[in-house]
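Enquirer: Below you will find the structure I want to go over with you.
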Amino acid sequence: MLPFFVLSRNYDGRNGSFELFVGGALEKDGLEQAFLPPGEYAGMTVRPRLGFLWGAAIGAAKRYFYQKWLPQSPYGTLNMEYELHTEKSIRSHPSMDLFFAVKRKE
């Protein structure tokens, strides 16, 4: 069901663990809820070369963000990111938006 979110947070660089939450905008009793905190987010649109190669495209986008963009920006990360999948994700030339929680460096 669209839209849906894939939220990852609390990455631990020592062992590679993190929390992953997949959900939608609908509320239902008995289901866990996750809330996106207000604040600043850096965003980019991800477009896989082929519609089924999401993993490679998302991995490349995250590497660009963390290895190229973030070190040269006036921002630091808040250790939370999410994918927003909408009807754009299922088109013949799919795309989705990827957001990273950020804060200004001091």
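Residues 1 to 106, numbered by the UniProt record's numbering, are exactly what the sequence shown covers, in order. By construction, the Cβ of each residue, glycine as well, lies at the ideal position given by its N, Cα and C atoms. Predicted model, so just to flag it, every value in this text is computed and none were measured.
Would you check if the distance between the CB atom of K82 and the CB atom of L7 is smaller than 8 Å?
Expert: Counting from one through the sequence shown, the residue named residue 82 turns up at place 82. Counting from one through the sequence shown, the residue named residue 7 turns up at place 7. Per the sequence shown, the amino acid found at residue 82 is Tyr instead of Lys. Their beta carbons are under 8 Å apart, which means Y82 touches L7 by this criterion.
Enquirer: Ignoring anything shorter than 3 residues, give me the beta strand (DSSP E) runs that lie fully in the region 8-72, in order along the chain.
Expert: 17-24 and 40-46
Enquirer: Between W69 and the rest of its own chain, which residues show a CB-CB distance below 8 Å, the 5 nearest in sequence each way excluded?
Expert: In the sequence shown, counting from the first residue as 1, residue 69 sits at position 69. Around W69: A42.
Enquirer: State the beta-bridge partners of K103 as determined by DSSP.
Expert: Counting from 1 along the sequence shown, the entry for residue 103 is found at position 103. In the DSSP output, where bridge partners are listed per residue, K103 has G76.
Enquirer: If we ignore side chains and look at the alpha-carbon of each, how far apart do E27 and F5 end up?
Expert: Along the sequence shown, one-based indexing puts residue 27 at 27. Along the sequence shown, one-based indexing puts residue 5 at 5. So the two alpha carbons sit approximately 13 Å from each other.
Enquirer: Could you compute how far the alpha carbon of V46 sits from the alpha carbon of G30?
Expert: Mapped onto the sequence shown, residue 46 falls at position 46. Mapped onto the sequence shown, residue 30 falls at position 30. Going from the Cα of V46 to the Cα of G30 covers about 32 Å.
Enquirer: Is M44 closer than 8 Å to L2 when the C-beta atoms are compared?
Expert: In the sequence shown, counting from the first residue as 1, residue 2 sits at position 2. In the sequence shown, counting from the first residue as 1, residue 44 sits at position 44. Their beta carbons are not under 8 Å apart, which means L2 does not touch M44 by this criterion.
Enquirer: Can you tell me the Cα-Cα spacing of A101 and P37, whole angstroms?
Expert: On the sequence shown, position 101 is the one that residue 101 refers to. On the sequence shown, position 37 is the one that residue 37 refers to. Near 9 Å, if we compare the C-alpha coordinates of P37 and A101.
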